[in-house]
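Written below as structure tokens is the structure these notes are about.
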Amino acid sequence: MPLLLKVAVVVAALAAGLLSVGPFVGVVSPELTPAYHSGFLLVLLAAVPVVLAVGLLVGGRAVGAAGVLVGSALLGLGRVFRDLQLVSGPLVASRPELAVATSLAPLKAGTGTWLLIAGNALTLVAGMLVIVRAGARPGSVVAVEFEEDGGQRRQLLAGGLVFGGLATLGLLMPAFYSDNAFVLTPDLMNGPGMAAAGGWLMAAAALFGSVLAATSQSPKFGRGVLLGLGVAVLGVLLPSQIAAAAVEWLQTDGLSVVATVGAIGLIGTAVWPAGYVPWRQSETKLGTLTTYRSHVVAGVLAILAGITGLLGRAADLVVVERPTDKPITQTDLLILLSRVRPQSYADRLLLPAGLLLLVLGVLLLIKPIAAAVRPALSVGWVAMPLAGLGALDAVVTATNTSTAIRSGTGVVWTVIAVVLAIAAAVFAGAAGGLERDTLEQDEERRTNIVLAAPIVAAAMFAVGAFGLPTMRAAEFAAPGLWQNLRLASWGLLLAVVAILIAIGIATRSRPGRAAMLLLGAAAVVGVHAMEFPLTSARAAGAEVGPGTWLSLACIAALVISAFVALAVRPERR
């Protein structure tokens, strides 16, 4: 057993001790009581990752133990920033499981806060110590286990990306709504700086950890990462969610439950029997049949994503109603008296996105062309998160404007559509992997260098198209990738990354598959280009922005690249 792994376990145990003691010695001064009796729960959540790591270590599964330490450490930096809010502004920290203020009297961080910060920092250190083969010497048994390929990558890819995506999405949502003026509703967009930064870091870390586990060379390590990550996500969520259920003046937010489902799914993927992969077949004929079944599943999911996206467009994203649990402000009264239905222009992109996924899903159910259409869905799915996150961003902005404006049923349909689109992408990716296993085992990989010119142009246009605003107006600030970061910015980032990955893969794909990848990417850019004509009415004097023109240029470059891919055979390397 590597010495570094033993040291990491000791560091993690010390971190768990600090996290357990911190809440009991007072996180603020003068000392305040929590909203409910959370002590036992906090101790349990702090101890579980260490207990799992020690158990795996005693059972001779050193690689899995290292994975658990890495997975549980991924949220460490975000948790440090969240705890620093208790230092910079305890009154707005929104931590009902630790302390609830009863007046506006000044507060300062107590000893418990510094113990929590130290504990989370040590958790991060423990993971960093073992992230590179746990310090095992080359040639040792543990090092060999880290380097071996034991299969199960598709299982980790499917479970990791689906449930990791759910966990990420749920972490972006508030865990509760508060009727207590001294406990603010958590808000990553407009909330206090340290708490918001911590929330964004934890969401990004959850997504990164899922990808790390899914692409790990060692499935044992990947499983450990998913297990540790799932437990860490529950460690962040459960104290707040239980507070929402147990405390009268807190209300449960159903959207954050998505993260709980994701965390449980990550744990389930990690403990799923290692020898069982539902879609693995040894014979080519059976493999082809299973590939088509993956096409069918991906097609059905895409159709459902398209339908729910269209329902999200048809339903109300926000509704106006008199708040019964809060005092009515002057702004609320003006909104109620106006009797004007709130206009939400951002959800209009759900229409083209839903239609795109609906068409791709139907085509994927047609067996003779399913394999040819599949690459288009592998990138086309991202149109739904692009449109959906933009719509949800509008909801966040509207509900923060007035307590008389609340989210409507359109939010639920939109979230479901995004989740289904991610699931469709996973099964489309699994089908692509099966195609390569069953049809291309003896085929040499080729690089189509003739595509270089149009594809490089498409990549550059794509970065500009999603990084620059599609419309300009005097009183309108569009979300962006490097300024005015909002929830919609994550949709833009996800879309441009998916398109750049598709462009890179197309250069090494067979002509037909490359063309469909590029056309699917063009369709996503096309959805983005429709933002100006569909939503320009939201701002007076709106003009076409550079993002729209670059989107059109990107579409042209992608379509040209698709025709070049079909017309020119790639050279053998």
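Using the UniProt record's numbering, the first residue of the sequence shown is number 1, and each one after it goes up by one.
For each residue, glycine too, the CB sits at the ideal point set by N, CA and C.
Here the structure is a predicted model, which means the values were calculated and not measured.
May I ask you to report which of helix, strand or coil DSSP gives Lys6? helix
C-beta contact flag for Val70 and Ala121 at 8 Å: no
Identify every residue that forms a DSSP beta bridge with Thr252. Phe176
Go ahead and label Lys220 buried or exposed: buried means 16 or more other beta carbons lie within 10 angstroms of its beta carbon, across all protein chains shown. buried
Are the beta-carbon atoms belonging to Met173 and Ser256 less than 8 Å from one another? yes
Quick check: what's the CA-CA separation for Ala457 versus Val419? 32 Å
Would you kindly work out how many angstroms separate the C-alpha atoms of Ser103 and Val183, rounded to a whole number? 11 Å
Starting from Val125, follow its DSSP beta bridges and name the residues at the other end. Its beta-bridge partners do not exist; DSSP assigns none.
Report, in whole angstroms, the separation of the C-beta atoms of Leu349 and Leu534, which I expect to be a contact under 8 Å. 6 Å
Measure how close the beta-carbons of Ala315 and Thr399 come, nearest whole angstrom, since I'm counting them as under 8 Å. Contact doesn't hold; Cβ gap of about 16 Å is too wide.
Is it buried or exposed, Leu289, if we count other Cβ atoms within 10 angstroms and call 16 or more buried? Bear in mind that the predicted position of Leu289 carries a pLDDT of just 45, short of 50, making it unreliable; the figure below should be weighed with that in mind. Classification for Leu289: exposed.
What are the boundary residues of the alpha helix (DSSP H) that Ser561 is part of? 546-567
Inter-residue Cα distance where the pair is residue 590 and Gly164: With the chain covering only 1 through 573, there is no way to say anything about residue 590.
With a threshold of 16 other CB atoms inside 10 Å of the CB of Trp482, please say whether the residue is buried or exposed. By the neighbour-count criterion, in which a residue is buried when 16 or more other Cβ atoms sit within 10 angstroms of its Cβ, Trp482 is exposed.
In three-state terms, what does DSSP make of Glu31? coil
Could you give the residue range of the alpha helix (DSSP H) that holds Glu531? Segment 531-535, the alpha helix (DSSP H) holding Glu531.
At the level of alpha carbons, what is the spacing between Ala370 and Ala101? Distance between the alpha carbons of Ala370 and Ala101: 59 Å.
Inter-residue spacing [alpha-carbon to alpha-carbon] between Ala99 and Leu52: 29 Å
Do you know offhand how far Val125's Cα is from Leu14's? 11 Å
Over the uninterrupted alpha helix (DSSP H) stretch that includes Thr260, give me the two end residues. 257-271
Given Ala515, which residues of its chain have a CB within under 6 Å of its CB, disregarding the five upstream and five downstream residues? Excluding its 5 nearest sequence neighbours in each direction, Ala515 has C-beta neighbours in its own chain below 6 Å: Ala562, Ala565, Leu566, listed in chain order.
Considering only the beta carbon of each residue, do Val68 and Gly228 sit closer than 8 Å? yes
Expressed to the nearest angstrom, what Euclidean distance is found between the alpha-carbon atoms of Val225 and Met202? 15 Å
DSSP state of Phe208 mapped onto helix, strand, coil: helix
At least three beta-carbon pairs within less than 8 Å, the segment 473-482 to the segment 375-382: Verdict: no, contact absent.
Using 10 angstroms around the beta-carbon of Thr33, count the other beta-carbons present and answer buried if the total reaches 16, otherwise exposed. By the C-beta density criterion, Thr33 is exposed, having fewer than 16 other C-beta atoms within 10 angstroms.
Can you say whether Ala245 is buried or exposed, counting buried as having 16 or more other CB atoms within 10 angstroms of its CB? By the 10 Å Cβ count, Ala245 comes out exposed.
Between the CA atoms of Leu41 and Gly160 - distance to the nearest angstrom: 26 Å
In this structure, how does DSSP classify Arg472 when only helix, strand and coil are distinguished? strand
Using three-state DSSP, classify Ala109 as helix, strand or coil. strand
Please state the DSSP three-state secondary structure of Gln441. Its pLDDT being 46, under 50, Gln441 is placed unreliably by the model, and nothing is read from it.
Going by other Cβ atoms of all chains shown within 10 Å of its Cβ, with 16 needed for buried, is Thr215 buried or exposed? exposed
Which residues share a DSSP beta bridge with Glu543? Arg472
Return the CA-CA distance between Ser282 and Val11, expressed in angstroms with no decimal places. Its pLDDT being 40, under 50, Ser282 is placed unreliably by the model, and nothing is read from it.
Own chain, CB closer than 6 Å to Arg538, minus 5 neighbours either side, in chain order: Tyr345
Measuring CB to CB, does Ala428 end up less than 8 Å from Ala305? Contact: no.
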